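Here the structure comes first, spelled out in structure tokens, and everything after it is commentary.
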Amino acid sequence: MQARKTCIFCNSHGVTKEHVWPQWAHNLIKSGPEGSYREEAHIFIGKTQYAEPPFRRTRPGNVKNKTLRIVCAKCNNGWMNNIEQRARPILQALIAGMPFEINPNQCQIVTEWITMKCFITEQSRPIEAAFLPSERQEFMKARSIPRGLAIYLGLCGEDSWASAYLRHSAQITRPSDPAPTDNRRNLQSISIGIADLFISMNHCQIDHIGIHTLLDKEQQLVRIHPLNQQSVYWPPSRMTWRQATNFANFQDKILKSNSVQWHPLGIDSNKDPLKNRP
Ligand SMILES: [Zn+2]
């Protein structure tokens, strides 16, 4: 018998099956080869060694029809739907790539939408989830964005980035720290491609790692959270498939580089792209 599931936000019983991606975005999400999509997870020990053979499976159907049973109807139809409705026109303007000034209020709304999607999509493999239950609850109550989270936007839409989801998560500690007793992730990045819009969410629960300041130097990304200026101008110059992929893999590069002062205990990536470049 399946364990009774509770809502990841309000903890109430009676979760319902919900689409991960909203209806309005469905016509923007392209279909993969023969209507299938691929999921992958790579688990590493240390910097290069695989902990286990890579997990790969091909799922039938289109990724836009992906559903998860993790939230209750009250949350889904209430505050979550409010975020969905408020974010939709701004996301559509971003996807269209028309020049406009994204004001701080619009940045906040889009940040809330992306944070909500990240809370949900990381539950596709709950064992690798990185956000804390308290972070989800604070978000539900007061729209508080988790500490250590940074969001960047760009314009791509080339090949598989027109419809892609790529997640990297890791557990990191200082070399001088004792080995952790659990395997909960404290560092993750999620990259999402919806038509021409490229989204990069980076979250680190350990202070002073400096990943965000490195991404700030990239001319093809604009930061919408945390805001460091009054307005953000859209769009930045369009990036190629290769550049978007490099940004999406940025966290792994940092962890594997010799300059990093943190020792990664596990790195994994979990992707749901509709199609992958061979
Ligand atoms: Zn709920």
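When we follow the working numbering, the leftmost residue of the sequence shown carries the number 24, and every step to the right adds one. We put the beta carbon where it would ideally sit given N, CA and C, even for glycine. Predicted, not measured: the structure shown is a model, and the values here were computed from it.
A residue is listed when its beta-carbon falls short of 6 Å from at least one non-hydrogen atom of ligand 1; in chain order these are C30, F32, C33, S35, V94, C95, K97, C98. The straight-line gap separating the alpha-carbon atoms of S35 and S260 is approximately 45 Å.
The alpha-carbon of H49 is positioned some 21 Å away from that of R190. With a beta-carbon spacing of about 6 Å, I222 and I137 fall inside the 8 Å limit used to define contacts. When the alpha-carbon of G177 is set against those of A271, A110, M139, the nearest one is in A271.
Annotation for R246: Y175 place their beta carbon closer than 6 Å to its own, counting only its chain and skipping 5 residues before and after. Around R109, the same chain offers I132 as residues with beta carbons nearer than 6 Å, after the five sequence neighbours per side are excluded. L176 has I222, V245 as its beta-bridge partners, per DSSP. In the three-state scheme derived from DSSP, where H, G and I count as helix and E and B as strand, I106 is classed as helix. Sorting R265, L237, C227 by C-alpha distance to the C-alpha of I168 places C227 at the top. Rounded to whole angstroms, Q146 and S192 show a C-alpha spacing of 12 Å.
Between K28 and T90, the gap from beta carbon to beta carbon reaches 7 Å or more.
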